[in-house]
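In this text, residue positions in the sequence shown follow UniProt numbering: the first is 1, and each later residue adds one.
The beta carbon of each residue, even a glycine, is placed where N, CA and C say it ideally should be.
Right, one structure below, let's go through it.
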Amino acid sequence: MVTNTRRVERRDGEPEVVELNPIFARPGEATAVPKFRFPGDEALPSTAYQIVHDEAMLDGNARLNLATFVGTWMDEYASRLYIEAADKNMIDKDEYPQTAAVETRCWTMLADLWHAPDPENTIGTSTIGSSEAAMLGGLALKRRWQHARRAAGKSTDKPNLVLSTAVQVCWEKFCNYFEVEARYVPISLEHKVLDGYELEKYVDENTIGVVAIMGVTYTGMYEPVAQIAEVLDKIQESTGLDIPIHVDGASGGMIAPFVQPDLNWDFRVKRVASINTSGHKYGLVYPGLGWVVWRDVASLPEDLVFRVSYLGGDMPTFALNFSRPGAQVLLQYYLFLRLGRAGYTTVQETSRNVALFLSGEIAKMPAFELWNDGSDIPVFAWRLREGHTENWNLYHLSDRLRTKGWLVPAYPMPDDLPDLTVQRVVVRNGFSHDLASAFLADLEDEVAYLDALTGPMPAEGQRSGFHH
Numbered sequence: 001m002v003t004n005t006r007r008v009e010r011r012d013g014e015p016e017v018v019e020l021n022p023i024f025a026r027p028g029e030a031t032a033v034p035k036f037r038f039p040g041d042e043a044l045p046s047t048a049y050q051i052v053h054d055e056a057m058l059d060g061n062a063r064l065n066l067a068t069f070v071g072t073w074m075d076e077y078a079s080r081l082y083i084e085a086a087d088k089n090m091i092d093k094d095e096y097p098q099t100a101a102v103e104t105r106c107w108t109m110l111a112d113l114w115h116a117p118d119p120e121n122t123i124g125t126s127t128i129g130s131s132e133a134a135m136l137g138g139l140a141l142k143r144r145w146q147h148a149r150r151a152a153g154k155s156t157d158k159p160n161l162v163l164s165t166a167v168q169v170c171w172e173k174f175c176n177y178f179e180v181e182a183r184y185v186p187i188s189l190e191h192k193v194l195d196g197y198e199l200e201k202y203v204d205e206n207t208i209g210v211v212a213i214m215g216v217t218y219t220g221m222y223e224p225v226a227q228i229a230e231v232l233d234k235i236q237e238s239t240g241l242d243i244p245i246h247v248d249g250a251s252g253g254m255i256a257p258f259v260q261p262d263l264n265w266d267f268r269v270k271r272v273a274s275i276n277t278s279g280h281k282y283g284l285v286y287p288g289l290g291w292v293v294w295r296d297v298a299s300l301p302e303d304l305v306f307r308v309s310y311l312g313g314d315m316p317t318f319a320l321n322f323s324r325p326g327a328q329v330l331l332q333y334y335l336f337l338r339l340g341r342a343g344y345t346t347v348q349e350t351s352r353n354v355a356l357f358l359s360g361e362i363a364k365m366p367a368f369e370l371w372n373d374g375s376d377i378p379v380f381a382w383r384l385r386e387g388h389t390e391n392w393n394l395y396h397l398s399d400r401l402r403t404k405g406w407l408v409p410a411y412p413m414p415d416d417l418p419d420l421t422v423q424r425v426v427v428r429n430g431f432s433h434d435l436a437s438a439f440l441a442d443l444e445d446e447v448a449y450l451d452a453l454t455g456p457m458p459a460e461g462q463r464s465g466f467h468h
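Below you can see the structure in the form of structure tokens.
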């Protein structure tokens, strides 16, 4: 659902055409095609394929991308399903009723996984990604608050949402797009996540909800949902304010049930109204797929659900998008059947073990100090140890690692910690102990190279190329 409105900059002197290798050009075809305008003539499929294939080849190696949470590998049966279902439109439930039925099965399975009081009688939906799912959860919070305020004869002019400064950018977009005041609780060295500290200073009668993140994007740490709920319980006792929680489980929603099954974070916490997750992150599906599930039918106001007569059928829909792929929904169901609880546990525990191995080895290096160790979701971050060097920083290290093919972002923490720069590693399915060992060897080599410098590396114009 995210649209890139900024053009990738054209390089000075960049040619206006793509020249074809003579081996690929067929008799009678043009030997060059325009880059930025429609070609005047047709090309053979094989020629067009070769051009696009060669362009895409310049992207990085996804297996070495330690920045992304998004799945980069599925097995051959999943790939076969993907091709077979590429033409299915998820919105067209009349034409593809079985895909619609599978969608319902999937979010019902998630409702059960997340301990909904009555999974068979709750409600959920698939989305293009966890960002859309989060926004739908936010919209339901806002609409429920509006209904309650109107019923009490009160104004609905100034809704606000309370969240951490380390929140993912989709929540900033939600507050901007849907005119909700964002009230950011600052993180700090003492409070690395939103943990309920001084929460009473941020909530009031206009608060539609509190967002708790299961796997902060910056560092991978869990925000303690049950602890936040306890603080909100005390606030309700003293003020009467009954404030719900939305859990952003984009990553942790598919980790905690398998790796930390006794952790109290989901619908077992009575204040949790809705949960979103990303099917294309630790749900292990190709991009883009998200899910959102509500505690019960009453948690999703009926007036947000549209009933559309479309292609011969009457269809309820709650989404920011309309037409969207159905293939990923089938892939999610395939993985639920293929792996089950035992399989997901094995996959997620393996990723977590690799993360713990890597963070443990990096913690031994004199140059670094861990921010967290990957014991929540298999994601961890570190910073340069204070006083280690004046000659280089983590941006230099990130650039050096890129020359070996590794994408390991360096970036500043949120505004409350503007002088703190960290590097982060995301361990996903397919990043094995062998690859981790190879990464460690390259990391040690590049640190040794930088430590051997006799003068400082240039830092002019240095900035993170990575955004949350």
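For residue i, tell me which candidate among the options has the shortest Cα-Cα distance.
i	options	result
A250	I213, L141, G60 and P456	I213
D399	E446, V225 and G220	E446
E200	E190, A229 and V180	A229
T277	H246, D262, D419 and V162	H246
V305	H433, T125 and E198	T125
L64	H147, T207 and P409	P409
R303	F318, V259 and R341	The question names Arg, but residue 303 is Asp in the sequence shown. Ranking the options by Cα distance to D303, first place goes to F318.
P414	P39, V216 and E120	V216
L370	R338, A342, Q328 and L420	L420
L394	R341, L331 and P458	P458
R402	D434, S432 and L443	L443
L337	L358, R428 and A78	A78
F357	D434, H396, G283 and S238	D434
L81	Q236, A438, P325 and R11	P325
W392	L453, I377 and S432	L453
M221	G138, L284 and R424	R424
S432	L66, L44 and E390	L66
F36	M74, E14 and E42	E14
A448	T346, H396, Y411 and R428	H396
Y334	P117, G283 and G40	G283
L241	R271, V169, R10 and V225	R271
I362	F439, P261 and P257	F439
Assuming the contact rule is C-beta atoms closer than 8 Å, residue i and residue j should be a hit. Round their C-beta distance to whole Å, please.
i	j	result
L110	V293	5 Å
H280	G430	At roughly 14 Å, the Cβ-Cβ gap does not stay under 8 Å, so H280 and G430 are not in contact.
L136	G209	That pair is no contact at about 13 Å.
V17	V33	6 Å
D248	V211	6 Å
W291	W107	6 Å
P301	R307	About 14 Å; that fails the 8 Å criterion.
Go to residue i, then tell me how far its beta strand (DSSP E) extends in each direction, as first and last residue.
i	result
N276	V272 to S278
L370	F368 to L370
R105	Here R105 belongs to no beta strand (DSSP E); instead the alpha helix (DSSP H) covers P97 to L113.
V17	V17 to E19
F380	V379 to L384
I51	That residue, I51, is in no beta strand (DSSP E); its alpha helix (DSSP H) goes P45 to A56.
I208	T207 to I213
Y184	E181 to V185
On the DSSP letters alone, give me the boundaries of the alpha helix (DSSP H) that residue i sits inside.
i	result
G290	Careful: G290 lies outside any alpha helix (DSSP H), inside the beta strand (DSSP E) at G290 to W294.
A32	Here A32 belongs to no alpha helix (DSSP H); instead the beta strand (DSSP E) covers A32 to P34.
Y451	Before going on, a small fix: residue 451 reads as Asp here, not Tyr. Per DSSP, D451 belongs to the alpha helix (DSSP H) from H433 to D451.
V354	A327 to A363
E223	Taken as a continuous stretch (DSSP letters only), E223 belongs to no alpha helix (DSSP H), as it is neither H nor E.
A78	E76 to E84
### Task
Please go through the region 119-174 and give each complete alpha helix (DSSP H) segment of 4 or more residues, from N-terminal end onward.
130-151
### Message
Would the region 181-193 count as touching the region 346-358 if we require 3 or more Cβ pairs under 8 Å?
### Response
no
### Query
For the 8 Å Cβ check, are there 3 or more pairs between the region 167-185 and the region 133-144?
yes
### Task
Any chance you could list the alpha helix (DSSP H) runs of at least 4 consecutive residues sitting entirely within the region 232-272, in chain order?
256-259
### Task
Give a yes or no on contact between the region 380-388 and the region 145-161, applying the rule of three or more CB pairs nearer than 8 Å.
no
### Query
Are the region 229-239 and the region 160-175 touching, with three or more C-beta to C-beta distances below 8 Å?
no
### Cβ contact check for the region 282-299 and the region 360-371: 3 or more pairs under 8 Å
no
### Query
Do the region 95-113 and the region 326-338 make contact, defined as three or more Cβ pairs closer than 8 Å?
yes
### Task
Could you pull out every unbroken beta strand (DSSP E) segment of at least 3 residues lying fully inside the region 394-430, listed in chain order?
410-412 and 421-426
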